[in-house]
Amino acid sequence: MPKYVVRFGSMRTLGVLSPRGGATYARNRRVIVRTNRGMDAGEVLCEATEQATAQLKSPPHGQILRPMSDADQKELEHLQANESAELATCKKYVEQLKLDMQLVDIEHLFGGERVVIYYLAEQRVDFRELVKQLAAEFQTRIEMRQIGVRDEAKLLADYGDCGKPVCCNTHLSAMPPVSMRMAKLQKATLDPTKISGRCGRLKCCLRYEFDTYEELQKELPPIGSDIVTPAGRAKVLNQEILTQQLLVQNEDNRRVMIDSSEVLSVIRKGTGERSRPRDSSRRSSQESDRAKQPANDQNDNQNSSANNS
Numbered sequence: 210m211p212k213y214v215v216r217f218g219s220m221r222t223l224g225v226l227s228p229r230g231g232a233t234y235a236r237n238r239r240v241i242v243r244t245n246r247g248m249d250a251g252e253v254l255c256e257a258t259e260q261a262t263a264q265l266k267s268p269p270h271g272q273i274l275r276p277m278s279d280a281d282q283k284e285l286e287h288l289q290a291n292e293s294a295e296l297a298t299c300k301k302y303v304e305q306l307k308l309d310m311q312l313v314d315i316e317h318l319f320g321g322e323r324v325v326i327y328y329l330a331e332q333r334v335d336f337r338e339l340v341k342q343l344a345a346e347f348q349t350r351i352e353m354r355q356i357g358v359r360d361e362a363k364l365l366a367d368y369g370d371c372g373k374p375v376c377c378n379t380h381l382s383a384m385p386p387v388s389m390r391m392a393k394l395q396k397a398t399l400d401p402t403k404i405s406g407r408c409g410r411l412k413c414c415l416r417y418e419f420d421t422y423e424e425l426q427k428e429l430p431p432i433g434s435d436i437v438t439p440a441g442r443a444k445v446l447n448q449e450i451l452t453q454q455l456l457v458q459n460e461d462n463r464r465v466m467i468d469s470s471e472v473l474s475v476i477r478k479g480t481g482e483r484s485r486p487r488d489s490s491r492r493s494s495q496e497s498d499r500a501k502q503p504a505n506d507q508n509d510n511q512n513s514s515a516n517n518s
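So the sequence shown is numbered by my numbering: it starts at 210 and just counts up by one.
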């Protein structure tokens with residue numbers, strides 16, 4: 210009996226679920242599922258093949274109960290329509306209790322087993338009294354779930370700068386760390402407003418091609434290397450990783466762009482970093498000191514001759 214990878218819940222969790230009664234489902238089929246947190250509406254993505262499940266890290270398991278009917282769809286729309294009012298009610302209780310937390314979203318499970326409230330907080334929050342009041346208000350179990358800013362984007366964001374749905378809300382099953390080094394290697398602009406996603410952190414897509422850039426960069430001499438080309442010796446000033454080209458400075462100080470295939474040999478490998486221009490004020494001071502040195506030496510010699518006399 211085949212199992213399926215199903216996406217369900219507001220956090221768009223990916224789980225491996227078994228169909229009840231051995232039923233089969235097509236991709237993108239909307240279904241009603243049961244997991245360890247209760248009944249949910251979900252979407253079938255694919256069969257849970259070995260290749261597909263290898264991409265998931267400790268996925269939850271459960272059961273696909275049935276295809277979603279028209280009545281199920283209307284019930285789901287009714288629950289979602291009430292979420293804004295329910296979130297406003299939760300915020301009112303938070304203000305009354307003066308809790309240092311920011312409510313982000315609310316999720317009313319399809320089966321009514323619980324209401325999940327997602328929130329941001331910098332420190333630990335004692336929300337026991339809040340849970341009591343909300344349980345009395347909604348007459349169901351209350352689950353408080355603390356999330357980070359990237360999870361907030363996963364819940365609320367819609368489209369990225371590229372015009373497509375944000376990755377964290379579609380195909381990403383995990384959100385690996387992204388570093389500024391990845392942006393620098395790909396020569397992306399370092400303007401934070403352009404390389405940051407909806408969460409305010411570096412865009413996840415900066416990682417997608419990073420491994421390819423690293424492999425291609427290994428084929429090029431590092432920046433600062435002394436190389437030999439058909440035109441003679443030269444120094445590597447910059448790399449164009451994707452096109453496998455180098456900006457070099459020849460012995461006559463001319464700068465030209467060459468293909469990596471034109472490199473005959475590498476005499477000395479560079480550090481891989483662009484050399485920084487020397488500080489002009491410091492250089493001027495040093496030159497001034499050197500200019501004064503002969504005059505000082507001459508005065509010392511004259512004083513020495515006078516003393517000997």
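Note that the Cβ used here is the ideal one computed from N, Cα and C, for glycine as well. Fair warning: this is a prediction, and the values are worked out from it, not measured in the lab.
Residue closest to residue i, alpha-carbon to alpha-carbon, out of the options
i: Q272; options: A366, M210, E292, E304; result: M210
i: H270; options: G369, V215, D420; result: V215
i: G230; options: V303, D309, L274; result: L274
i: D461; options: G441, R238, A250; result: G441
i: L544; options: R464, Q453, V437; result: Here the chain has residues from 210 to 518 only, and residue 544 is not among them.
i: K427; options: D370, E338, I450; result: I450
i: Y368; options: R323, N378, R477, E322; result: N378
i: K478; options: I436, F217, S469, A330; result: I436
i: K393; options: P385, M384, L411; result: L411
i: Y417; options: P401, L399, T402, Q395; result: Q395
i: Q282; options: G218, R239, V313, P268; result: R239
Where residue i falls: helix, strand or coil (DSSP)
i: M248; result: strand
i: R492; result: For R492, the pLDDT reaches just 48, beneath the cut-off of 50, and the residue's location in the model is therefore unreliable, although a value from the coordinates is still provided. If DSSP states are grouped into helix, strand and coil, R492 belongs with the helices.
i: F347; result: helix
i: V358; result: helix
i: R485; result: At R485 the pLDDT is 49, less than 50, meaning the model places this residue with poor confidence; the figure from the coordinates comes in the next sentence. Here R485 sits in coil by DSSP.
i: C371; result: coil
i: H305; result: Looking at the sequence shown, residue 305 is not His but Gln. DSSP places Q305 in helix when its eight states are reduced to three.
i: V340; result: helix
i: S219; result: coil
i: L254; result: strand
i: D281; result: helix
i: M210; result: coil
i: H287; result: helix
i: R464; result: strand
Cβ pair residue i, residue j closer than 8 Å
i: V387; j: L415; result: yes
i: I432; j: Q448; result: yes
i: Y328; j: Q342; result: no
i: R236; j: L254; result: yes
i: Y213; j: L223; result: no
i: E471; j: T421; result: no
i: L429; j: L455; result: yes
i: F347; j: D249; result: no
i: I315; j: E286; result: no
i: L381; j: C413; result: yes
i: Q458; j: K444; result: yes
i: L364; j: L339; result: no
Sheet register partners of residue i (DSSP bridge)
i: K444; result: D435, Q458
i: L411; result: S405
i: P276; result: V240
i: V475; result: I436
i: G271; result: L226
i: E292; result: In DSSP, E292 forms no bridge with anything.
Boundaries (first-last residue) of the beta strand (DSSP E) holding residue i
i: R226; result: Correcting the residue identity first, residue 226 is Leu in this sequence and not Arg. From DSSP, the beta strand (DSSP E) with L226 extends over 222-228.
i: I326; result: 323-329
i: Y234; result: Neither: Y234 is in no beta strand (DSSP E) and is coded neither H nor E.
i: E352; result: 350-355
i: E259; result: Per DSSP, E259 belongs to no beta strand (DSSP E); it is in the alpha helix (DSSP H), 259-262.
i: L312; result: 311-317
i: D400; result: Where D400 is concerned, there is no enclosing beta strand (DSSP E), given that its DSSP letter is neither H nor E.
Continuous alpha helix (DSSP H) stretch holding residue i: start and end
i: L425; result: 419-426
i: R390; result: 389-394
Residue i at chain D interface by Cβ criterion, 8 Å
i: E284; result: Reference to chain D is not applicable here, since this structure consists of a single protein chain.
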